[in-house]
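Residue numbers (this note's numbering): 18 to 745.
C-beta atoms are modelled at their ideal positions from N, C-alpha and C, and glycine is treated no differently.
These numbers come from a predicted model, not from an experiment.
Quick look at the structure:
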């Protein structure tokens with residue numbers, strides 16, 4: 018693209034915008050640049066300034082602008098400053114001197130032409146034309162609403178006068194867009210050349226159709242307001258994007274005011290006050306007010322600006338660059354492609370406004386075209402920001418997460434204008450909101466009470482693995498001290514014999530359910546039978562975890578009939594960090610932990626589903642697996658869409674035990690033979706005989722949707738199992 022790094026904005030833009038930033042206490046210039054560009058185009062169009070090109074012929078100067086900023090940004094204030102301080106001298110001189118003078122001259126030209134053609138008296142023709150001119154009403158320099166017939170009537174008046182422009186200026190466009198659709202549709206046609214097709218109406222004695230006049234009436238438009246009203250996710254936003262698609266994307270210069278660049282975010286009160294009272298503000302205002310007064314001189318009417326070859330080639334180069342970039346974009350980005358490929362035309366019209374402001378008869382490369390391209394490129398950036406607005410389902414997810422209370426469909430419909438009334442549309446939006454929230458650490462819980470659907474959201478905080486929540490005490494019930502500790506240092510607590518610990522904190526350190534302070538980021542499981550410690554380490558290795566043995570681990574339990582010692586099962590504690598800091602009440606925590614225990618491939622102590630559960634520290638063996646992934650807690654959180662999916666998966670394998678379910682879910686995703694071997698070896702480590710393992714493997718295989726052949730089990734899997742028995 019053309020290098021614009023050293024290009025400066027046109028002085029009218031940079032100096033006026035600086036003044037507006039000072040007066041509105043802003044440091045962001047994007048909104049004001051577009052606003053000032055519109056007013057420059059408005060003056061040039063009023064004086065019928067025209068660009069004379071060698072390739073496209075005569076191009077009228079006019080500007081369409083759309084500028085958005087949040088409430089309190091200074092939108093209305095800045096427009097009032099420009100209109101009342103800078104534009105007033107131009108408007109007064111233009112309306113009182115130039116417009117009447119040029120209008121009279123053109124009415125005489127029309128009268129003389131009609132008289133010569135019809136063989137009538139010029140004075141009579143002038144009086145008829147003057148009556149026709151006055152019957153159209155007073156000329157509105159600016160209007161904020163209208164109808165297509167009224168605009169066409171105004172256009173006819175301007176054709177009679179051959180002076181002035183049609184200037185539409187709508188504040189709070191989000192609130193007024195729907196009511197202005199007809200006139201905005203007409204303005205689409207008026208942009209390029211100021212030409213519009215006439216509507217055929219019935220000619221009657223009371224309403225005689227007047228003589229159609231050929232000519233151009235340049236049209237300017239400024240739409241500004243808050244993005245929240247325009248991009249409301251409902252009918253207004255749909256209509257706005259329809260307009261962009263229809264043609265406003267390629268016609269408008271866009272501005273986007275950023276609230277985070279308000280002056281108070283980066284300046285002290287003293288600095289803001291100095292900017293507000295800066296003498297340069299008045300000096301700049303007076304300078305440009307005087308310059309604009311000069312631009313209203315009748316001598317500036319019908320101002321012609323030529324484009325020499327150097328400037329024409331530079332503009333064509335920019336056009337080709339934009340079109341190449343547009344062609345490289347995906348086909349579905351039609352609005353973006355249209356805006357990008359037509360930037361050159363907006364730049365040409367803006368360059369004409371700059372040249373008119375400078376009273377130049379030529380559009381110069383460095384003074385006019387390059388500054389115009391720079392502003393149009395910044396407009397393109399603002400346009401991307403507008404297109405990247407939050408979708409309706411994103412706003413829905415954020416609202417549910419922020420509101421803090423349960424919401425029904427009725428509550429959401431009342432609070433959010435974009436929340437649809439139809440059940441299908443609501444369900445689709447809620448599904449999308451839930452899916453988006455999942456990626457952005459927001460969960461949306463759904464529940465039913467007496468047939469009424471309730472939604473509650475929560476923003477999840479990601480777990481910092483160096484800040485695991487624990488409480489510990491040397492008493493089983495009192496004096497629990499809460500701390501956050503690194504996960505890889507947990508053994509310093511778990512191995513401290515004589516202490517007890519929990520994964521929650523408590524009011525006043527008193528361990529009781531009613532004193533639990535909601536908030537945990539790891540789960541703790543007691544394993545007393547059914548699986549060896551080594552097998553647990555092997556099966557769980559894809560997850561990050563810690564284990565430590567408890568007091569009854571491999572405890573001597575007597576002798577068998579042959580006098581051999583009987584050693585009890587491996588008994589240990591499994592600690593798994595989870596990826597989010599969760600705040601669940603007693604019932605939710607119980608259901609959460611029940612889900613986790615149903616998911617695990619071995620039996621566990623069910624009392625782990627109590628928030629106030631405590632575990633005893635013991636100086637046994639401990640083991641860390643720090644290479645695995647942190648456990649995703651979302652499938653286990655009650656009343657969420659992920660949990661509904663988890664429950665459906667569990668129902669599909671409800672005829673299997675924990676170990677079978679664990680491997681069945683992994684076999685479904687591939688590697689059937691490998692996963693079946695792991696399952697068989699887990700049975701071996703659990704103490705089964707070779708015959709029992711073979712029988713169990715065949716039984717498990719028959720439960721699968723796509724089982725292995727019996728021959729494959731006996732010739733591959735059981736061979737590996739046999740080798741494991743030989744080593745034992």
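Beta-carbon gap between residue i and residue j smaller than 8 Å
i	j	result
residue 619	residue 698	no
residue 187	residue 240	yes
residue 274	residue 47	yes
residue 235	residue 77	yes
residue 520	residue 487	yes
residue 595	residue 480	yes
residue 459	residue 418	yes
residue 612	residue 663	yes
residue 58	residue 370	yes
residue 345	residue 181	no
residue 52	residue 24	no
residue 718	residue 707	no
residue 163	residue 213	no
Collapsed DSSP secondary structure at residue i in the structure displayed
i	result
residue 563	strand
residue 334	helix
residue 543	strand
residue 346	coil
residue 537	strand
residue 511	helix
residue 583	Annotation note: pLDDT 49 at residue 583 (below 50); position unreliable, no value reported.
residue 523	strand
residue 436	coil
residue 499	strand
residue 184	strand
residue 322	strand
residue 160	strand
residue 646	strand
residue 625	helix
residue 706	coil
residue 61	helix
residue 154	coil
Beta-bridge pairing of residue i - partner residues as DSSP gives them
i	result
residue 466	469
residue 518	489 and 632
residue 272	84
residue 476	459
residue 657	462
residue 555	In the DSSP output, where bridge partners are listed per residue, residue 555 has none listed.
residue 379	323
Exposure label - residue i; buried when at least 16 CB within 10 Å
i	result
residue 433	buried
residue 739	exposed
residue 742	exposed
residue 191	buried
residue 610	buried
residue 506	exposed
residue 736	exposed
residue 303	exposed
residue 501	exposed
residue 217	Because the pLDDT at residue 217 is just 47, under 50, the model does not fix this residue reliably, and the point stays unresolved.
residue 484	exposed
residue 39	buried
residue 559	exposed
residue 20	exposed
residue 652	buried
Beta strand (DSSP E) segment containing residue i, residue limits
i	result
residue 75	74-77
residue 37	Premise fails: residue 37 lies in the alpha helix (DSSP H), 28-41, not in any beta strand (DSSP E).
residue 238	236-242
residue 570	Taken as a continuous stretch (DSSP letters only), residue 570 belongs to no beta strand (DSSP E), as it is neither H nor E.
residue 748	Since the first residue of the chain shown is 18 and the last is 745, residue 748 is not available in this structure.
residue 640	639-642
residue 69	67-70
Start and end residues, alpha helix (DSSP H) containing residue i
i	result
residue 429	426-432
residue 212	Unbroken run through residue 212: none, as it is neither H nor E.
residue 134	116-135
residue 176	165-178
residue 287	286-293
residue 352	351-358
residue 402	387-404
residue 316	Residue 316 -> no alpha helix (DSSP H), and no H or E assigned at all.
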